[in-house]
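There are 2 protein chains.
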Amino acid sequence: MNDTTQDTSQDPLVIFTPSGKRGRVPSGTTVLAAARQLGVDLDSVCGGRGVCSKCQVQPSFGDHSKHGISANPDALTEFNAVEERYDRVRGLKPGRRLGCQACVTGDVVLDVPAESQVHKQVVRKAATTRHIEMDVATRLYYVEVAEADMHDPAGDWERTQMALANSWSINGVTLPFNMLAQLQNALLDGKNAVTLALHTARAGQTKVIGIWAGFAEPNLFGLAVDLGSTTIAAHLTDLISGDVKASGGVMNPQIRFGEDLMSRVSYAMMNESGAADMTAAVRDAMNTLAQDLAREAGISVTDIYETVFVMNPVMHHLLLGLDPIPLGQAPFALALSSSLDVPAQEIGLNFAPNAQVYILPLIAGHVGADAAAVALSEAPQTVDPLTLIVDVGTNAEIILGNKTRVLACSSPTGPAFEGAQISSGQRAAPGAIERVEIDLETKEPRFKVIGCDLWSTDPEFAVQTATTGVTGICGSGIIEAVAEMRMAGLLDASGLIGSAEATGTARCRPTGRTHAYLLFDGSADGGSVVEVTQGDIRAIQLAKSALYAGARLLMDEFGTDTVDRVVLAGAFGAHISPKHAMVLGMIPDCPLEHVTSAGNAAGTGAQIALLNVAARREVETLVQQITKVETAIEPRFQEHFVEANGIPHATAPFSGLRAIVPLPDPSFNTGGGDGTRGRRRGRRG
Amino acid sequence: MNDTTQDTSQDPLVIFTPSGKRGRVPSGTTVLAAARQLGVDLDSVCGGRGVCSKCQVQPSFGDHSKHGISANPDALTEFNAVEERYDRVRGLKPGRRLGCQACVTGDVVLDVPAESQVHKQVVRKAATTRHIEMDVATRLYYVEVAEADMHDPAGDWERTQMALANSWSINGVTLPFNMLAQLQNALLDGKNAVTLALHTARAGQTKVIGIWAGFAEPNLFGLAVDLGSTTIAAHLTDLISGDVKASGGVMNPQIRFGEDLMSRVSYAMMNESGAADMTAAVRDAMNTLAQDLAREAGISVTDIYETVFVMNPVMHHLLLGLDPIPLGQAPFALALSSSLDVPAQEIGLNFAPNAQVYILPLIAGHVGADAAAVALSEAPQTVDPLTLIVDVGTNAEIILGNKTRVLACSSPTGPAFEGAQISSGQRAAPGAIERVEIDLETKEPRFKVIGCDLWSTDPEFAVQTATTGVTGICGSGIIEAVAEMRMAGLLDASGLIGSAEATGTARCRPTGRTHAYLLFDGSADGGSVVEVTQGDIRAIQLAKSALYAGARLLMDEFGTDTVDRVVLAGAFGAHISPKHAMVLGMIPDCPLEHVTSAGNAAGTGAQIALLNVAARREVETLVQQITKVETAIEPRFQEHFVEANGIPHATAPFSGLRAIVPLPDPSFNTGGGDGTRGRRRGRRG
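See below:
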């Protein structure tokens, strides 16, 4: 091919679409060989033996003025016996050719359909549509192995290695010892031909993780898991097509040992087998979830060859069977901070016998692989605008950065944002109030519940919610309720709820020495009463102060008082209204149109790492470069936390916000002992 | 050190013995640093922290005319606090210094005692005394790991890796996942100091296989195993001192499934779980043997960190849980021919949790790792004389070669040489006849039995053998008996036993249509009768013909009719008399003084591979270079086999032998239907 003394100008010109790659090849070259020569992404599992059909192309004949050629129908050799047999037995779409059989004899345009591309684009239908280039760690290879020869007595495995080197130029492959007997049997059954699933954890580390006799087209699935303190969410993906075949989530059963991370660490400290019990519980849950998803996708769990996990450090240690206690106190010593490649069975996952697990690196003792996954998904290091990413969960992961620098921390927001510790709070489920509006004049509320699109003021509302009822208020609902109360002047900047007299609405009812705002009263029909109490306001204030203080600490470290963009991540982030979040002071002041939701960015990061090995190296490098900030030992965190207690904030001006929303400034402090800060704010107002 | 602009001629001159390495070092250099600088083999586990005492040296003061220096008593700094503490707590031999504490201040001669050398010489007390240079794969390293730092949140393992790199310049170490929790605990218990056992299977493949909190001096043992069809023999060796602490053997329990290799392969063919049953049996036996040896040595089996196996291909496949059936017929396809590094637990061995196993490479489908071990031990590729090595067992491994070329084959001799298939045969045990002499004149025999040093003609014999009695004849006994019968003219060259009339002794008694020679008659006292029957002669002829034919085939391949040396290997080889073996025609004609016994050369090879990792690479290379000859499919093997039926041989002259022993040439063929070959020989005689 490199012989420059030969005149190749009369050779046929081949143009591949959609890549646009083009070049001349000697007449008679197979399409597959031409693709390889020109660096075109054309798949092949059987190595050109006409059995796998992965190398299908669609030739285009006729005039191609765009490409400057005219393709005659005889620009490819005729259907040969191999293609005819393949078409007869398994069917070939009209116009399609097998790239390993059809030979180029004239100028031609050849389209490589997506299913014939190894590095195809996969579209993630998430809150934000995202393209992932397929570049999986596990791929199938068909090899025909030399027969045993008693004069050159290389073993089955040695001859298989030679075949991989000869047919695929793949060297240095290792075989897990427990697969040797299987290889022996497969070669026997397959008459010296086998299909291998090779897993390349990183360059030069390729091992066999699946073996089938002869040419086989096994299911090859991967699981991307976002293992949260509260919820385990997973996507089951076909590693060949890139299609997500099933998605689902289960509650993390560790909740019974403790609601939040620190209570689980305490459980481990107080109970001898505490950590082991939590490890067993989460592994069980993972196996059950995988079985459920496999059933939904119509496959077996033993078809799962790869799993990617993202999770916070405590979940990480508990899944891996490591002691979480050191994570409960400074210096928050991790047992392992790097990414991990480990056989699934070593962490108790009953998938394919040699299935592999990849776990993203942890950023710091409090900032986990979930935050790393968010960084991978959102890629703040690639943009110019200074971007603040908050992943709101029981623990909030906070990332701040741009092309120049990226910082990260975590902040213990607690479960209030998820409806816990709220008087009428509940998890997001049908019947839960998720949106709230309060009329600025009448102070009357309207709301929506999960499972119904109508406002509560709609005449049809009662009928449409008859089955679910109005059962309580979830995380996004309480945030909107508190923010709306603040805008309607029912709540002062210190977080005090005013009395009926002070606010002018009977919905502000006394409850002991404080007041509560009545959102819904179904008691006449035997239903629930949903109100926002002073205690609820305090719980939300604590949570949002922790979140804001973490973000503010990163801004200090970055040396800025403002951010250009805010991204709300996390399953919960998708439901938060940016305006209400900002009125509450969860996030710094920022033009509202620059506040976006990224959906479950951690889960997206897991999916990216599952489908693209280069992304694994990318996140490993990124994590090394991130500046880690430890909120728990930073004195300024406490200062920021106290100042963030105000709604939206005690000292930060939030002038951008004030320009677009009403933020009346009453003071409801009666000297009754609630909050000196409210008193100070009151005086200033 | 490389600064050539500095004048170092006034620096103290240090001379290390026994290596003789010498050089000048700056005054104040520690002895350990000086040793490293001069390339002297001085051990250290703690890296110079004064805790391990492995770097002890013995300074010699006074005039050293041999070395051309005079050493003053102040040539080393005085005992420091660390040495004083060490001496007080653990005791230091008189005159000894810790190399990491004592600093050189003047010319001095320093002796490195054997226990301070990593690469010390170990003497094997075998049939042949042999020196092995210690260069083990598993070594201890003490490291002090940086404390966890929340601003640079590297995990326990990452900080341990850094410590290994900084203190020991060891990089790229891997940690088996199942040891991560143990590392976490050890760092906690050891206040960030741990002792690690690192195993380097081959260059660049180092992993942690043992972890202890703080500085520790754990037992570190290795097992070298010769896993034979009949006997499993093992040596338990201290991997630090190189001392063999226990040796022993057990019967291979697979015998109950079949006496020889082919009957075990048949068992696997005929019984669904046959191979699995044999695998379980041999693994059980290995665990029991290891427990027995560990008990004898006063250690635990969990102190065994390395095991080396040598064995034939069928034993190899059965130990590894591979299907042995392909080894039963051409092309004798091996599942794996290369050497194997595998965790002990993956082959069912309950040693240290992460103990490693090394299995020597197989040479061919019929020529195993035991033959490779013999080649490693005897090293025919390093000598000029053409050397024939026969390892006699149920299967004989035969190696022929010299510096120019090495060939190998195996030959199915069957168990006759071990006393099986012999009318009065028995395994070598007290009471078994092991030596025989027959008077050339009187044709009367005398013999010795195992357990008594007297000849049977000694008046004390009956008393000394009263407890054991004379129970039968073992392998070496039957070989000597047949050879003696041949020399005494009781047996003709075709292998026929003569009648009493023809031989002139009433001990040749008729048994049906043939005769038997009465060796011992204890029937009057209710004891045994031991005779050599015509059937016994035929069994020995078959066995020795197979052995000779194999050797002859290799000689053909080499292009020679004579060999310079013969080495008899195998536990059995140690007991064979070279003269009798040659009279029998087991081995080709060769000056008797060039026939030697190597003892259990396969076991020695296993021990070498256990103690010296370079030897593993050596045998791997050697096996690649050996020319494999497959006796089972070589037509000339049958020809050689038939011709070797004669005693000593039908056509080979054995003129060297004839010059030193009587080989009368009677013919006892009576035309009664025994052996056409006997008839032909008779006519020629």
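Protein chains in written order, with my numbering: chain A, 1215 to 1899; chain B, 1215 to 1899.
We treat Cβ as the ideally placed atom computed from N, Cα and C, and that holds for glycine.
In this text the structure is predicted, and so the values were computed from the model without any measurement.
Listed in chain order, the positions of the stretch 1539–1558 of chain A with a beta carbon within less than 7 Å of a beta carbon of chain B are A1544, P1545, F1546, A1547, L1548, A1549, L1550, S1551, S1552, V1556.
Cβ contact annotation for V1743 of chain B (same chain, cutoff 6 Å, sequence separation greater than five): D1735, S1737, in chain order. Assignment of I1384 of chain A by DSSP, reduced to helix, strand and coil, places it in the coil class.
Per DSSP, the continuous alpha helix (DSSP H) segment holding F1851 of chain A begins and ends at 1849–1857. In the structure shown, the three-state DSSP call for I1612 of chain B is strand.
Within the model, the alpha-carbon separation for C1269 of chain A versus G1237 of chain A is close to 19 Å. Collapsing the DSSP output to three states places F1868 of chain A in coil.
In the structure shown, R1497 of chain A adopts helical secondary structure according to DSSP, grouped into three states. For K1842 of chain B, the C-beta contacts it makes with chain A under 9 Å involve M1364, H1365, D1366, P1367, in order along the chain.
Cβ contact annotation for A1829 of chain B (same chain, cutoff 7 Å, sequence separation greater than five): L1590, I1822, A1823, in chain order. Here L1600 of chain A is near F1772 of chain A, since their CB atoms are less than 9 Å apart. Around the beta carbon of P1575 of chain A, a 10 Å sphere encloses 16 or more other beta carbons of the protein chains shown; the residue is thus reported as buried. Residues of chain A whose Cβ lies closer than 8 Å to the Cβ of N1399 of chain B are, in chain order, D1537. Per DSSP, the continuous alpha helix (DSSP H) segment holding E1715 of chain A begins and ends at 1714–1717. Of the candidates A:G1607, A:I1384, A:L1437, A:H1413, A:G1607 places its Cα closest to the Cα of N1814 of chain A.
Taking V1528 of chain A as the centre and dropping the five residues before and after it, the same chain places the C-beta of L1475, R1478, V1479, P1538, L1541 closer than 7 Å to its C-beta, in chain order.
Within the same chain, L1871 come within 6 Å of M1796 of chain B by CB-CB distance, once the 5 residues on both sides are set aside. If you compare the alpha carbons of B:V1777, B:C1266, B:A1549, B:A1499 with that of F1429 of chain B, the shortest gap goes to B:C1266.
For the C-beta of N1392 of chain B, the chain A residues within less than 8 Å are, from N- to C-terminus, E1560. Taking 9 Å as the CB threshold, L1475 of chain B stays off the interface with chain A. Residues of the stretch 1394–1425 of chain A with a C-beta atom less than 9 Å from some C-beta of chain B are L1394, A1395, L1397, Q1398, N1399, L1401, L1402, listed in chain order. Spanning the alpha carbons of E1844 of chain A and N1609 of chain A requires a straight line of approximately 13 Å.
Sixteen is the threshold: since fewer than 16 other Cβ atoms of the shown chains lie within 10 Å of the Cβ of A1417 of chain B, the residue is exposed. Considering only beta carbons, no part of the stretch 1655–1670 of chain B lies closer than 8 Å to chain A. Contact with chain B is absent for G1462 of chain A, since none of that chain's Cβ atoms lies less than 9 Å from the residue's Cβ. By alpha-carbon distance to A1680 of chain A, the top candidate from A:R1700, A:P1644, A:A1707, A:F1661 is A:P1644. By the Cβ-count criterion, M1800 of chain B is buried, with 16 or more other Cβ atoms from all chains shown falling within 10 Å of its own Cβ.
Listed in chain order, the non-local C-beta contacts of W1382 of chain B below 6 Å within the same chain comprise Y1355, local neighbours out to five positions each way being set aside.
The criterion of a C-beta distance shorter than 9 Å is satisfied by R1766 of chain B and P1802 of chain B.
Across the stretch 1820–1843 of chain A, CB contacts with chain B closer than 7 Å involve K1842, in sequence order along the chain.
In this structure, DSSP gives N1392 of chain B a helical state, which the three-state scheme calls helix.
A Cβ-Cβ contact shorter than 9 Å links A1289 of chain B with G1320 of chain B. The CB of A1753 of chain A never comes closer than 8 Å to any CB in chain B; the least such distance is about 28 Å. If you draw a straight line from the Cα of L1507 of chain A to the Cα of T1231 of chain A, it is about 36 Å long.
N1826 of chain B carries a strand assignment under DSSP once its states are collapsed to helix, strand and coil. Each residue's CA atom was taken as its position, placing A1448 of chain B and A1504 of chain B some 8 Å apart.
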